[in-house]
Structure formats: structure tokens, C-alpha cells
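Asker: The numbering used here applies: residue 32 is where the sequence shown begins, and numbers increase by one.
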Amino acid sequence: MTDYCFLIPVALALGAIALGAFMWSLRSGQYDDLAGAAERILFENHDPPDDTTSAHTDRPPHRN
32 MTDYCFLIPV ALALGAIALG AFMWSLRSGQ YDDLAGAAER ILFENHDPPD
82 DTTSAHTDRP PHRN
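(1) Could you give the DSSP three-state label for serine 56: helix, strand or coil?
(2) Under a three-way DSSP split, which group does aspartate 34 fall into?
(3) Take phenylalanine 37 and list the residues in its own chain whose beta-carbon comes closer than 6 Å to its own, dropping the five residues that flank it on each side.
(4) State the Cα-Cα distance for the pair serine 56 and leucine 45, rounded to the nearest angstrom.
This is how it looks when you write it as C-alpha cells:
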């Protein structure tokens with residue numbers, strides 16, 4: 032029975048922390064643009080690719 036005197040306040044404190052974190056995320060605008068991330072994945076990125084192939088050509092060939 033004495034365990035409940037310890038576990039109930041711990042559970043209430045963790046619930047209050049979780050509720051506080053959720054309320055903070057609502058106020059800071061975390062859920063403002065729900066459709067933006069879902070739509071961004073559908074469109075291709077038209078940026079030119081990085082020129083990483085030239086970095087690999089000045090290495091000598093690997094010998095076994």
C-alpha cells in the first residue's frame with residue numbers, strides 16, 4: 032500500500048509533464064502546417080545534383 036503513495040504522485044507528475052509538453056508544442060506552432068510536409072514529399076526537387084563524381088576521379092585506382 033505504501034508503494035501507491037509513491038507511484039500515484041509519480042504518475043501524475045509524468046502526466047502533467049506530458050500535458051505541458053503538448054500544450055507548449057501547440058502554442059509554438061508545431062501543428063500549424065500539417066499538409067505541407069505531406070505535399071512536399073510528392074514534388075521532385077529540381078536542384079542540380081552535387082558534383083561529387085569529380086572528388087572520386089582524382090584518387091588512384093584501388094589495387095588488390
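Beta carbons: idealized from backbone N, C-alpha and C, even for Gly.
Answerer: On the basis of the coordinates in this document:
(1) Shown here, serine 56 sits in a helix according to DSSP, grouped into three states.
(2) In the structure shown, aspartate 34 falls within a helical segment according to DSSP collapsed to helix, strand and coil.
(3) Within the same chain, phenylalanine 37 has no close Cβ partners at all.
(4) The alpha-carbon separation between serine 56 and leucine 45 amounts to approximately 17 Å.
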